[in-house]
Each structure stands twice: as C-alpha cells, then as structure tokens.
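J.:
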Amino acid sequence: VGNEFVRGVSGGERKRVNIGMEMILDPPVLFLDEPTTGLDANTANSIVLLLYKLASGGRNIIMSIHQPRYSIFSLFDRLLLLNKGDIVYRGPAKQAVDHFKSIGFSCPRFHNPADFFLDIVGGDVNTARLIVAMEEDEQSDNSEKLLECFRNSSLAREEDKELKSSGNVNYSLKNQVMETTHYANGFFHQLATVVRRTGLNILRNPMTSFVQIIIMIIFAVLIGLIYFQSDTSFKSGIQNRAGCFFFLVMTQVMSNLSALELFINNRAHFIHESASGYYRVSVYFIAQIIADLIPNRLIPNTFFSVIIYFMIGRFVKFFFFLFALVLTAVCASSMAFLVSASVRVFAIANAVVALPYILMMLFGGFLVNIGTLLDWLEWVKYVSIFRYGINVIFVKAFSFFSTTGEIYMEAQGIEYGVWGLWVNIVALGSMCFGFLFLAYIQMR
Numbered sequence: 001v002g003n004e005f006v007r008g009v010s011g012g013e014r015k016r017v018n019i020g021m022e023m024i025l026d027p028p029v030l031f032l033d034e035p036t037t038g039l040d041a042n043t044a045n046s047i048v049l050l051l052y053k054l055a056s057g058g059r060n061i062i063m064s065i066h067q068p069r070y071s072i073f074s075l076f077d078r079l080l081l082l083n084k085g086d087i088v089y090r091g092p093a094k095q096a097v098d099h100f101k102s103i104g105f106s107c108p109r110f111h112n113p114a115d116f117f118l119d120i121v122g123g124d125v126n127t128a129r130l131i132v133a134m135e136e137d138e139q140s141d142n143s144e145k146l147l148e149c150f151r152n153s154s155l156a157r158e159e160d161k162e163l164k165s166s167g168n169v170n171y172s173l174k175n176q177v178m179e180t181t182h183y184a185n186g187f188f189h190q191l192a193t194v195v196r197r198t199g200l201n202i203l204r205n206p207m208t209s210f211v212q213i214i215i216m217i218i219f220a221v222l223i224g225l226i227y228f229q230s231d232t233s234f235k236s237g238i239q240n241r242a243g244c245f246f247f248l249v250m251t252q253v254m255s256n257l258s259a260l261e262l263f264i265n266n267r268a269h270f271i272h273e274s275a276s277g278y279y280r281v282s283v284y285f286i287a288q289i290i291a292d293l294i295p296n297r298l299i300p301n302t303f304f305s306v307i308i309y310f311m312i313g314r315f316v317k318f319f320f321f322l323f324a325l326v327l328t329a330v331c332a333s334s335m336a337f338l339v340s341a342s343v344r345v346f347a348i349a350n351a352v353v354a355l356p357y358i359l360m361m362l363f364g365g366f367l368v369n370i371g372t373l374l375d376w377l378e379w380v381k382y383v384s385i386f387r388y389g390i391n392v393i394f395v396k397a398f399s400f401f402s403t404t405g406e407i408y409m410e411a412q413g414i415e416y417g418v419w420g421l422w423v424n425i426v427a428l429g430s431m432c433f434g435f436l437f438l439a440y441i442q443m444r
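Following this line, the structure appears as structure tokens:
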C-alpha cells in the first residue's frame, strides 16, 4: 500500500483496499464515511460503481457522500437527507425530486439533483430557483418547512409503516454491545496469516533490519579491535575482558531502542483491524514479536557474536555465548515492547525507557560494587538486565582464569557455581516473559 519510504498505491486504489479489508468478514451491512472524498470524478465514480455491484449482490451498503455527480447519484437506491440533525427526506432516491417539487421546490432542467438538494438543505434558495411563491418571505429559513412537509407527506407515512412492519428487536442494545466477538477463522489460521503479512512487509521494507545488521557489525568490529585477542593473564586479562563483557551487554541493551516503534507506528491499523474482528489481540501481538525478534534481534546478534567471538579470543563455547547475548537482547527488547504498548508517542517512549536502562546499568555490578550499595537501594540489582547478562558471561568466561577469576567474582558478589549460572539465566528469562505479559495486557 505504501509508507513514508515507498509511494505505494494511488488514492483510489487505497480506497479499494480499505473496502476490500472490510469485505474480509463478509458483513451483511457495510458502513462507509465519504469514500469518494479527495478523489477525482472518474475515480470516485469507479468506487461507487464497485459499491453498487456489491449492493446488487444482496449486501446493504450505507454511506455518506458529499456533492456526488449525477452518474453517482443515479446509482443510489435510497436517500436520507438531514438538515440540522432532522430528517427532511427518507425514501427512494428516484422519488426525491418529485417530493421536493410537491412542496414547492422545483429542480431546474439539466440540474444535478444532488446539488439541488444541498442548496435547499443549506438554505441557498436562490441557487435552488424556488418557484415564485417561495421567493418572498420564506427564503431566509426553510428548515421548518422542509421538516414539516416531510413529516406530513404520504412518503413519510409509508416509510414509518414499513419500519413498523419489520418487527421489534427482542434484545436490548446493552446485550448487543456486550456480545462476544465471533471470528471467521481459528487462532492458528489467523496467526499464520498475520505472520505471513508481517513477514512480507519486512521483505518489502527491509531498511530497518538492514541498518540494524550494519550497526551491529560496526560495533562488533570496533569492540573486537579494542579487545583483540585479549590475553588471559591476571594482570590485564581480567580487567580487559570484564570491560569487554560489560560493553557487550551494554550494546545488546542500548541497540534495542528500535523496538520502541513496534506497537507505536501501526497502532491505528491495529485498533481498526482488531475492533473490526479481523483477528485476536493475541494473534497480532505474537506475530509482531516474532517478526521483530528474528530479523532485528536474532540475525544481527548472530553477526555480532561471530565477529566478537573470534576477534577477542575464544573463552566459552560459541553457542552459549550467542545464547547469552540473544537472551539479554530479547529481555531488553521485551522491556521496550512494554513501553511501546503503553505510550503512543515515540519521543515520550524513548525518554521513558532511557531511565530504567540507565538505572539497570548503574546497578549492574560493574560500575558499582553491589556489596557497597545502601540497603534501601539494594533491591534495584534484582531487576537489572545488565547484572544478569554480565553475570551469565562472567561465570562461564572467567573459568579460564582458574583461581584468580573466582577471586574477582567473589569480590564482585557474583555466585560463580552452576547454581549461580542458572539463577541468572532463569532471571533473564523470567523478566523477558514478565515484560511480554505486561505488554500484552497493555495491548488489550
């Protein structure tokens, strides 16, 4: 359809797309608000002709329209005219001219009836060319006359009789509003369709994923050059690798600010499609998460990990190293998803997520020794993505340093046994699911 980078379809084609979207659920009644606004005469005519064909197939189409040309007006079956909220005509469109003629408003020959009706309703009686009897005292305000004449007409009585004969509604409006939404397709069919659509959007607009990969490669090369083939001696090895691991985790967290756009950019589309019953909220949420994590988190971090792993020297098994970085990135992204689902403006979301990221970095255990924290601030370390991400890498990587590595981790307050390793992994995973759950609640 198009976005800020790709022009996409024209205005008329966009209108057709919107109508097609509404037809997905095969509704018996279709409401349209000025579907021809902003289109040229030819395109507007083609849109209304499309609606006419749909209506001919047994579907009720109710639409508002502004100044239709005669070829469009001739397609209407029934017409409703309002003047200051009151109905001045309701009935067959082809009988409207005769009705107004019977009450003193004669449509000139070769004049568009739609324009004539607007002139009458708008009070422009000169343009409407009233008959002589109406040109003296009543042309200043004909609203009351229009309303009274329609109420007293035989057409109005016939319309009221038809409405009454259709029967009474046996349930209250409240029950209609509270009725559970029924979906045309099951959960997994919806999920497959939305995931496919989201994936196609990414393939057609790959700029975000491409830039993310390039940035991660640049960061990996820079970090790799700074800590290239770091030694394992006690004198400099621990300091260099500790700084490297901290910088790796910081890169994983801070590079996920792009995740803030996930639910902000398409919020209007989501609200419209969800309210229309296209799919469940859970389907959209899962599809968006999958579509973001794979191209924007997993693939860039794979490039990042491969470059870093071989440039600074092997220190843990590669797949564990990749797992630790990806888990940290996913956890940070999940927090960004929560903010994205809660805030509607990107600038505000950026400011909101920056504060907890900075606090987590300060209380991560690298910049400040955890053991020296004030008692009333110590709780912050338990919600720090930095702390758990750094600890996971520290526990495995510093086993290369034997006793000296254990001394360093003890000084930092890090539990370096197998239990300590899994505590940090489970903590990251739990925070990830917690953030995602809260984000889902916000989306509902």
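Numbering (full-length UniProt numbering), first residue to last: 1 to 444.
Cβ coordinates follow ideal geometry from the N, Cα and C atoms, glycine included.
Between which two residues does the alpha helix (DSSP H) harbouring ARG197 extend?
T.: Here residue 197 corresponds to residue number 197 of the sequence shown, with the count starting at 1. Residues 187 to 204.
J.: Let me check understanding here. Comparing Cα to Cα, which of HIS111, LEU428, ASP375, HIS99 lies closest to ARG387?
T.: Stepping through the sequence shown from its first residue, residue 387 is reached at position 387. Cα-wise, what sits closest to ARG387 is LEU428.
J.: Could you check which residue in ILE120, THR208, PRO108, GLN95 has the C-alpha nearest to that of ALA156?
T.: Against the sequence shown, residue 156 aligns to sequence position 156. The candidate whose alpha carbon is nearest that of ALA156 is GLN95.
J.: Just to check, is the beta-carbon of HIS111 closer than 7 angstroms to a non-hydrogen atom of the ligand HEM?
T.: As far as ligands go, the structure on display features none, and thus does not contain the ligand HEM.
J.: Considering only residues of the same chain and omitting the five flanking positions on each side of ASP77, which have a CB-CB separation below 8 angstroms?
T.: Within the sequence shown, residue 77 is the residue found at index 77, counting from 1. So the qualifying residues of the chain are ALA55, PRO92, ALA93.
J.: I need the DSSP call for GLU138, collapsed to helix, strand or coil.
T.: Against the sequence shown, residue 138 aligns to sequence position 138. With a pLDDT of 46 at GLU138, under the threshold of 50, the modelled position of this residue cannot be trusted, and the question is left open.
J.: DSSP beta-bridge partners for VAL29?
T.: Counting from 1 along the sequence shown, the entry for residue 29 is found at position 29. VAL29 pairs with ASN60.
J.: Any contact of the region 363 to 370 with the region 288 to 305, i.e. 3+ C-beta pairs under 8 angstroms?
T.: These segments do not touch.
J.: Between which two residues does the beta strand (DSSP E) holding PRO92 run?
T.: Locating residue 92 in the sequence shown gives position 92, where the first residue counts as 1. It spans 86 to 92 - the beta strand (DSSP E) in which PRO92 sits, taken as one unbroken run.
J.: I'd like the list of long-range same chain contacts for TYR70, defined as Cβ closer than 6 angstroms, with 5 residues on each side in sequence excluded.
T.: Residue mapping note: residue 70 aligns to position 70 of the sequence shown, counting from 1. So the qualifying residues of the chain are ASN112.
J.: Could you tell me which of ASP160, ASP119, ASN391 sits nearest to PHE363, measuring between CA atoms?
T.: The sequence position of residue 363 within the sequence shown is 363, counting from 1. For PHE363, the nearest C-alpha among the options comes from ASN391.
J.: Which class does ARG78 belong to by DSSP, given the choice of helix, strand or coil?
T.: For this step, residue 78 is matched to residue 78 along the sequence shown. Three-state result, ARG78: strand.
J.: Out of curiosity, what's the CA-to-CA distance linking ALA439 and PHE319?
T.: Locating residue 439 in the sequence shown gives position 439, counting from the first residue. Locating residue 319 in the sequence shown gives position 319, counting from the first residue. Whole-angstrom Cα-Cα distance: 29 angstroms.
J.: Pull up the distance between the alpha-carbon of ASP26 and that of PHE116, whole angstroms please.
T.: To locate residue 26, count along the sequence shown from 1; it is residue 26. To locate residue 116, count along the sequence shown from 1; it is residue 116. Distance between the alpha carbons of ASP26 and PHE116 is about 35 angstroms.
J.: Would the region 240 to 255 and the region 268 to 286 be scored as touching if the rule is three or more Cβ pairs under 8 angstroms?
T.: Taking 8 angstroms as the limit for Cβ pairs, the verdict is that the region 268 to 286 does not touch the region 240 to 255.
J.: For ASN265, name the three-state secondary structure that DSSP assigns.
T.: In the sequence shown, counting from the first residue as 1, residue 265 sits at position 265. Residue state, collapsed to three classes: coil.
J.: Can you tell which of ILE307, LEU82, ASN152, PHE263 has the C-alpha that lies nearest to the C-alpha of ILE218?
T.: Your numbering for residue 218 matches position 218 in the sequence shown. The option with the nearest alpha carbon to ILE218 is ILE307.
J.: Classify GLY389: buried if its beta carbon has 16 or more other beta carbons within 10 angstroms, exposed otherwise.
T.: Locating residue 389 in the sequence shown gives position 389, where the first residue counts as 1. Looking at its Cβ environment, which holds 16 or more other Cβ atoms inside 10 Å, GLY389 is buried.
J.: Quick test of the definition: if touching needs 3 or more C-beta pairs under 8 angstroms, does the region 422 to 436 touch the region 315 to 334?
T.: Counting Cβ pairs under 8 angstroms, three or more are found: they touch.
J.: Taking contact to mean at least 3 C-beta pairs separated by less than 8 angstroms, is the region 250 to 262 in contact with the region 272 to 281?
T.: Contact fails: fewer than three Cβ-Cβ distances are below 8 angstroms.
J.: For the alpha helix (DSSP H) holding HIS99, just list the boundary residues, first then last.
T.: Locating residue 99 in the sequence shown gives position 99, where the first residue counts as 1. Element bounds for HIS99: 96 to 102.
J.: Over what stretch of residues does the alpha helix (DSSP H) that includes PHE337 continue unbroken?
T.: For the purposes of this step, residue 337 is taken as the residue at position 337 of the sequence shown. Per DSSP, PHE337 belongs to the alpha helix (DSSP H) from 318 to 342.
J.: Just mark GLY58 as buried or exposed, buried being the case when its beta carbon has 16 or more other beta carbons within 10 Å.
T.: In the sequence shown, residue 58 corresponds to position 58, counting from 1. Classification of GLY58: exposed, given that the 10 Å Cβ count is below 16.
J.: Within its chain, find whatever has a CB closer than 6 angstroms to the CB of residue 528; leave out the 5 residues flanking it on each side and keep chain order.
T.: Past the boundaries of the shown model lies residue 528; the chain is included only from 1 to 444, so the question cannot be answered.
J.: Along the alpha helix (DSSP H) that carries MET23, what are the first and last residues, could you check?
T.: As a working note, residue 23 is residue 23 in the sequence shown. That residue, MET23, is in no alpha helix (DSSP H); it is neither H nor E in DSSP.
J.: Between the Cα of SER334 and those of GLY434, PRO35, ALA324, VAL383, spot the shortest distance and give me the residue it belongs to.
T.: Against the sequence shown, residue 334 aligns to sequence position 334. The shortest C-alpha separation from SER334 is found at GLY434.
J.: Going by beta carbon distance, what residues of the same chain come within less than 6 angstroms of THR403, once the five residues before and after it are set aside?
T.: For the purposes of this step, residue 403 is taken as residue 403 along the sequence shown, with counting starting at 1. Summary for THR403: the model assigns pLDDT 49, below 50, so the residue's position carries little reliability; its value from the coordinates is reported in the next sentence. Closer than 6 angstroms at the Cβ level, and outside the excluded window around THR403, lies no residue.
J.: Keeping to the same chain, check which residues put their C-beta closer than 8 angstroms to that of LYS101; ignore five residues upstream and five downstream.
T.: In the sequence shown, residue 101 corresponds to position 101, counting from 1. Contacts found: CYS107.
J.: MET23: buried (16+ other C-beta within 10 angstroms of its C-beta) or exposed?
T.: Start at 1 with the first residue of the sequence shown, and residue 23 comes out as number 23. With fewer than 16 other Cβ atoms within 10 Å, it is exposed.
J.: Can you tell me whether GLY224 is buried or exposed, with buried defined as 16 or more other CB within 10 angstroms of its CB?
T.: As a position in the sequence shown, residue 224 is number 224, starting the count at 1. By the neighbour-count rule (16 or more Cβ atoms within 10 Å), GLY224 is buried.
J.: CA-CA distance, LEU200 and ALA259?
T.: Stepping through the sequence shown from its first residue, residue 200 is reached at position 200. Stepping through the sequence shown from its first residue, residue 259 is reached at position 259. Going from the Cα of LEU200 to the Cα of ALA259 covers about 19 angstroms.
J.: In angstroms, rounded to a whole number, what distance separates the CA positions of SER384 and LEU355?
T.: For the purposes of this step, residue 384 is taken as residue 384 along the sequence shown, with counting starting at 1. For the purposes of this step, residue 355 is taken as residue 355 along the sequence shown, with counting starting at 1. Their backbone Cα atoms lie some 12 angstroms apart in a straight line.
J.: Report the residue from LEU436, PHE285, ASN424 whose alpha carbon sits nearest the alpha carbon of ASN266.
T.: Position 266 of the sequence shown, counting from 1, holds the residue named residue 266. Considering only alpha carbons, the answer is PHE285.
J.: Would you call the CB atoms of GLU159 and ARG90 closer than 8 angstroms?
T.: Walking along the sequence shown from the start, residue 159 turns up at place 159. Walking along the sequence shown from the start, residue 90 turns up at place 90. Yes, Cβ-Cβ distance for GLU159 and ARG90 is below 8 angstroms.
J.: Suppose you measure from the CA of ASN18 to the CA of ARG197; what does that come to, to the nearest Å?
T.: Here the question's residue 18 lines up with position 18 in the sequence shown. Here the question's residue 197 lines up with position 197 in the sequence shown. Approximately 16 angstroms, taken between the alpha carbons.
J.: Reducing DSSP to helix, strand and coil, say where ASN369 ends up.
T.: What you label residue 369 is simply residue 369 of the sequence shown in a count that begins at 1. ASN369 falls in the coil class under three-state DSSP.
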